[in-house]
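In my numbering, the protein residues as written are 106 to 231.
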């Protein structure tokens with residue numbers, strides 16, 4: 106009679122840090138192997154994610170998972186997220202950071218600028 110073999114979870118894929126824009130989408134992927142097959146749970150600040158904007162899509166009988174957040178909100182969605190893979194032998198955690206930028210983050214506006222100083226920086230086309 107063969108002894109039953111078991112193995113703690115081991116990550117095949119871990120989530121990467123992401124930067125998103127408010128109103129946009131962020132997706133994190135996590136996958137693990139082990140015996141018995143591990144299950145994946147997503148945490149935000151140490152608590153299981155639960156919000157209608159958070160969608161968890163399991164694949165590979167639950168040993169793989171995608172966390173999708175839409176629409177992104179700042180600052181509430183900015184956090185450390187954890188992918189927790191667990192089975193009866195052990196538990197493993199991979200952490201990732203989500204940064205959310207405001208929608209107008211990249212538009213530079215100088216209130217003191219006037220049209221003549223702006224135009225003087227560029228050649229006139231005639």
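Cβ atoms here follow ideal geometry from the backbone N, Cα and C, with glycine treated the same way.
Here the structure is a predicted model, which means the values were calculated and not measured.
{"Asked": "Do you know how far the Cα of residue 182 is from the Cα of residue 164?", "Found": "24 Å"}
{"Asked": "Quick check on residue 160: does DSSP put it in helix, strand or coil?", "Found": "strand"}
{"Asked": "Would you kindly check if the distance between the Cβ of residue 206 and the Cβ of residue 124 is under 8 Å?", "Found": "yes"}
{"Asked": "So, under 8 Å CB-CB, residue 152 and residue 146 are touching, yes? Tell me the CB distance rounded to an integer number of Å.", "Found": "Contact doesn't hold; Cβ gap of about 10 Å is too wide."}
{"Asked": "May I ask you to check if the CB of residue 113 is nearer than 7 Å to at least one heavy atom of the ligand MN?", "Found": "The model depicted lacks the ligand MN and carries no ligand whatsoever."}
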